[in-house]
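Residue numbers (our numbering): 1 to 162.
For every residue, glycine included, the Cβ atom is placed at its ideal position computed from N, Cα and C.
Take a look at the structure set out below.
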Ligand code: HEC
């Protein structure tokens, strides 16, 4: 085989290997990177039936110490309540996912949250930044399940807002 052909074959094989590697990386996009890489308004929960995964979502919430700031039932504590009528940045799936994944204010790495144009619309008694969890959670699914639990809890406590 002529040398150039061998070199070309080698390069093609190498490129295929690298290409395969990228496919694996694509499967492991963190929720943080998902929130940075997806235009606003395009993140949607897969759980239309949020009550069905609410219990699982609550377990994930408790096991990640969200309750340390938001209270075990989401009714607030050191930080904003999650289950009252006030939404600081908005109540849609896309916004809630980004608040959790990117964090807010000075706790959002590289100002990722503010760079997406978010400003406070609602105000709670306590005002401060939210830490980012988009690298602690390994999958989007965990965040969607927590959001499902927040929505199910609101429906239970304030049926009129549901
Ligand atoms: C160190 C305290 C702290 C922890 C831990 C924390 N948060 Fe927060 N969270 C905040 C603060 C402070 C805000 C308000 C952010 C702002 O005004 O920019 C907030 C805002 C939110 C909001 C928006 C609430 C609204 O009314 O609009 C959601 C949703 C939320 N957090 C979910 C979570 C989840 C889920 C977890 C766990 C994975 C969590 N938080 C862990 C402090 C915390």
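Quick check on residue 164: does DSSP put it in helix, strand or coil?
With the chain covering only 1 through 162, there is no way to say anything about residue 164.
Taking the alpha-carbon positions, what's the residue 111 to residue 50 distance?
The residue given as residue 111 occupies position 111 in the chain shown. The residue given as residue 50 occupies position 50 in the chain shown. When the Cα atoms are used, residue 111 and residue 50 turn out to be separated by approximately 31 angstroms.
Is the Cβ-Cβ distance between residue 46 and residue 144 less than 8 angstroms?
Within the chain shown, the letter at position 46 stands for residue 46. Within the chain shown, the letter at position 144 stands for residue 144. Yes; because the gap between Cβ atoms is below 8 angstroms, this pair is in contact.
Cβ-heavy atom distance between residue 154 and the ligand HEC below 7 angstroms?
Taking the chain shown and counting its residues from 1, one reaches residue 154 at position 154. Answer for residue 154: no, Cβ out of range of the ligand HEC.
Spatial neighbours of residue 37 within its chain, please: CB distance less than 8 angstroms, with the 5 preceding and 5 following residues excluded, ordered by chain position.
By 1-based counting over the chain shown, the position of residue 37 is 37. Excluding residues within five positions, the ones whose Cβ falls inside 8 angstroms are 29.
Own chain residues within Cβ distance below 6 angstroms of residue 92, not counting five before or after
Position 92 of the chain shown, counted from the first residue, corresponds to residue 92. None.
When you compare only the Cα positions, how much space is there between residue 70 and residue 79?
Within the chain shown, numbered from 1, the residue matching residue 70 stands at position 70. Within the chain shown, numbered from 1, the residue matching residue 79 stands at position 79. Their backbone Cα atoms lie some 5 angstroms apart in a straight line.
What's the gap between the Cα of residue 24 and the Cα of residue 44?
Here residue 24 corresponds to residue number 24 of the chain shown, with the count starting at 1. Here residue 44 corresponds to residue number 44 of the chain shown, with the count starting at 1. At residue 24 the pLDDT is 47, less than 50, meaning the model places this residue with poor confidence and gives no usable figure here.
Any non-hydrogen atom of the ligand HEC closer than 7 angstroms to residue 86 Cβ:
Numbered from 1 along the chain shown, position 86 holds the residue referred to as residue 86. Yes, since a heavy atom of the ligand HEC falls inside the 7 angstroms radius drawn around the Cβ of residue 86.
From what residue to what residue does the alpha helix (DSSP H) around residue 132 run?
Locating residue 132 in the chain shown gives position 132, counting from the first residue. It is not in any alpha helix (DSSP H) - residue 132 carries neither H nor E in the DSSP assignment.
Are there three or more Cβ pairs, one per stretch, closer than 8 angstroms when the segment 54-64 is compared with the segment 93-112?
Verdict: no, contact absent.
For residue 48 and residue 151, I'd like the C-alpha separation in whole angstroms.
Mapped onto the chain shown, residue 48 falls at position 48. Mapped onto the chain shown, residue 151 falls at position 151. Those two C-alpha atoms are separated by around 10 angstroms.
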